[in-house]
Amino acid sequence: MDIIALNDWGIKDDNLPLGIVGPCSAETEEQMMATAKDLVHKNVHVFRAGVWKPRTKPGTFEGVGEPGLKWLNKVRDTYGLKVGTEVANDEHVRLALEYDIDVLWIGARTSVNPFAIQEIADALKKYGGLDKPVLVKNPINPDLELWIGALERFAAVGVKKLGAIHRGFSTYEKIQYRNIPKWQIPIEFKRRLPEVPMICDPSHIGGKRDLIYDISQTALNLEFDGLMIESHENPDEAWSDASQQVKPARAIEITELLHMRNHKVENSAASNKIDALRKQIDELDHQLIAMLSQRMDVAKQIGEVKKESNVAVLQASRWDDIVHDRKNMGKDKGLSEEFIRRVFEAIHQESINKQDKLMK
Numbered sequence: 001m002d003i004i005a006l007n008d009w010g011i012k013d014d015n016l017p018l019g020i021v022g023p024c025s026a027e028t029e030e031q032m033m034a035t036a037k038d039l040v041h042k043n044v045h046v047f048r049a050g051v052w053k054p055r056t057k058p059g060t061f062e063g064v065g066e067p068g069l070k071w072l073n074k075v076r077d078t079y080g081l082k083v084g085t086e087v088a089n090d091e092h093v094r095l096a097l098e099y100d101i102d103v104l105w106i107g108a109r110t111s112v113n114p115f116a117i118q119e120i121a122d123a124l125k126k127y128g129g130l131d132k133p134v135l136v137k138n139p140i141n142p143d144l145e146l147w148i149g150a151l152e153r154f155a156a157v158g159v160k161k162l163g164a165i166h167r168g169f170s171t172y173e174k175i176q177y178r179n180i181p182k183w184q185i186p187i188e189f190k191r192r193l194p195e196v197p198m199i200c201d202p203s204h205i206g207g208k209r210d211l212i213y214d215i216s217q218t219a220l221n222l223e224f225d226g227l228m229i230e231s232h233e234n235p236d237e238a239w240s241d242a243s244q245q246v247k248p249a250r251a252i253e254i255t256e257l258l259h260m261r262n263h264k265v266e267n268s269a270a271s272n273k274i275d276a277l278r279k280q281i282d283e284l285d286h287q288l289i290a291m292l293s294q295r296m297d298v299a300k301q302i303g304e305v306k307k308e309s310n311v312a313v314l315q316a317s318r319w320d321d322i323v324h325d326r327k328n329m330g331k332d333k334g335l336s337e338e339f340i341r342r343v344f345e346a347i348h349q350e351s352i353n354k355q356d357k358l359m360k
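Structure (structure tokens):
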């Protein structure tokens with residue numbers, strides 16, 4: 001993809017992470033202006049607000065629509081902030097371009113639908129918006145190809161100011177986050193498309209305002225290029241996603257407390273130490289793969305016995321015992337239950353696949 005570098009988008013020209021901050025929803029002109037006034041800061045480059053809100057269920061607040069675009073214009077004219085909003089169809093794009101909104105983003109419920117993405121891409125071309133920065137949130141399900149495919153559709157029509165937003169993935173599991181981060185997916189995205197800026201949305205990942213700082217720092221530790229933080233003048237009274245919004249002063253404080261990491265190791269002694277430790281990891285990984293191969297050989301032998309005895313591949317009680325035992329073993333070794341569960345689910349699935357193949 002032919003991508004223009006982030007600092008050439010006309011939004012920022014410094015080395016700070018891209019700061020996109022503002023309320024989840026545009027509610028009233030007074031709310032927008034009061035919030036924007038307190039977000040004028042060197043770490044805030046774009047004031048964000050949703051004017052169309054695709055909600056999970058009907059009957060909830062779904063945005064003010066076109067009036068919100070007028071308020072965004074007033075924010076830009078009054079405080080000099082670039083402004084951004086979410087678009088989800090042809091009409092949204094037409095209106096956003098009519099009001100010259102600086103940055104557009106695509107929500108997770110839209111990026112999951114290639115038909116909707118193509119409609120938006122075609123609308124950008126039709127209405128002369130190919131020079132606008134377009135940020136694409138990950139789909140609600142953890143599908144890297146679908147995420148990359150969405151960006152490819154925009155690139156195909158000529159959008160060159162393209163970026164990605166990591167906002168986590170929906171899950172039925174009971175975890176501390178609203179949306180599970182699955183950091184390995186944006187990391188793989190960055191490996192495959194290193195030229196595409198990656199923005200983290202800690203508000204949607206965490207779902208709670210007290211998690212925003214830690215998630216933001218993790219993102220910067222992973223060399224993300226910016227943050228999208230939801231901020232409201234009175235978050236407890238917000239009309240949407242109240243629990244994940246922070247007051248402007250706290251949003252700015254978070255950006256000031258974050259620690260920037262160097263992209264490369266400058267100190268030669270530290271570099272040598274890291275190289276030596278990485279060699280240890282390489283050797284341990286070789287041993288780990290060899291042991292996993294041996295484990296699968298044993299699983300195949302068990303499968304052969306099951307086939308001869310006409311026994312079902314899945315033995316639920318045995319799997320329950322493994323999960324319980326391995327979690328305790330991992331805990332004793334300082335490993336999290338979540339990590340052990342995911343590792344052994346993958347191992348168990350591979351064992352089932354091999355035994356099922358034998359049965360066939």
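Residue numbers (my numbering): 1 to 360. Yeah, the Cβ is synthetic: ideal placement off N, Cα and C, and Gly gets one too. On a predicted model such as this, the values are computed, not experimentally measured, just so you know.
Bridge-paired residues (DSSP) for residue i
{"i": "G84", "result": "R48 and V103"}
{"i": "I340", "result": "I340 pairs with nothing; no bridge assigned."}
{"i": "L227", "result": "G19 and C200"}
{"i": "V136", "result": "I106 and A164"}
{"i": "F169", "result": "I180"}
Assigned secondary structure, residue i (DSSP; H/G/I helix, E/B strand, else coil)
{"i": "G163", "result": "strand"}
{"i": "F61", "result": "coil"}
{"i": "K12", "result": "coil"}
{"i": "K247", "result": "coil"}
{"i": "S25", "result": "strand"}
{"i": "D90", "result": "helix"}
{"i": "W147", "result": "helix"}
{"i": "A242", "result": "helix"}
{"i": "Q315", "result": "coil"}
{"i": "G334", "result": "coil"}
{"i": "N7", "result": "helix"}
{"i": "D122", "result": "helix"}
{"i": "Y79", "result": "helix"}
Proximity winner among the options, relative to residue i (alpha-carbon distances)
{"i": "M198", "options": "D225, K360, G168 and E188", "result": "D225"}
{"i": "L227", "options": "D275, I212, L314 and V93", "result": "I212"}
{"i": "A238", "options": "Q31, K306, V305 and D8", "result": "Q31"}
{"i": "H348", "options": "R318, W147, V64 and E66", "result": "R318"}
{"i": "T255", "options": "L16, E308, I4 and S268", "result": "L16"}
{"i": "D100", "options": "I205, V311 and K132", "result": "K132"}
{"i": "K161", "options": "K12, G303 and N272", "result": "K12"}
{"i": "L288", "options": "R48, Q301, F115 and V343", "result": "V343"}
{"i": "L39", "options": "E253, W147 and S216", "result": "E253"}
{"i": "E338", "options": "S351, H324 and E350", "result": "H324"}
{"i": "G206", "options": "D321, I148 and K182", "result": "K182"}
{"i": "P202", "options": "Q184, R192, S231 and V196", "result": "S231"}
Same chain, Cβ closer than 6 Å to residue i, five either side skipped, listed in chain order
{"i": "T171", "result": "I180"}
{"i": "K190", "result": "M198"}
{"i": "L335", "result": "none"}
{"i": "K340", "result": "Before going on, a small fix: residue 340 reads as Ile here, not Lys. The answer, listed in chain order, is R326, K327 and G330."}
{"i": "A219", "result": "C200"}
Contacts around residue i, its chain only, beta-carbon distance under 7 Å, and the 5 residues preceding and following it disregarded
{"i": "T187", "result": "A small fix is needed here, since residue 187 is Ile in this sequence, not Thr. L222."}
{"i": "K37", "result": "Y79"}
{"i": "A108", "result": "K137, N138, P139, I140 and R167"}
{"i": "L95", "result": "E66 and L69"}
{"i": "A49", "result": "G22, P23, S25, A26, M32, G68, L72 and T85"}
Any chain D beta carbon closer than 8 Å to residue i
{"i": "S293", "result": "Note that chain D does not occur in the displayed structure, where there is just one protein chain."}
Cβ-based neighbour list, residue i, same chain, cut-off 8 Å, excluding 5 preceding and 5 following
{"i": "K125", "result": "V157 and G158"}
{"i": "K208", "result": "R178, S243 and Q244"}
{"i": "G128", "result": "L97"}
{"i": "A150", "result": "I106, S111, P114, I117, V136 and P139"}
heavy atom of the ligand NAP below 7 Å from residue i C-beta
{"i": "K42", "result": "As for the ligand NAP, it is missing from this structure, which has no ligand bound."}
Any 3 or more C-beta pairs closer than 8 Å across the region 243-255 and the region 42-57: yes
The region 108-124 contacting the region 86-100, beta-carbon criterion three pairs below 8 Å: yes
contact_flag[the region 56-76, the region 14-33] where n(CB pairs < 8 Å) is 3 or more: yes
message: Check whether the region 290-303 and the region 315-331 are in contact - that is, three or more C-beta pairs closer than 8 Å.
response: no
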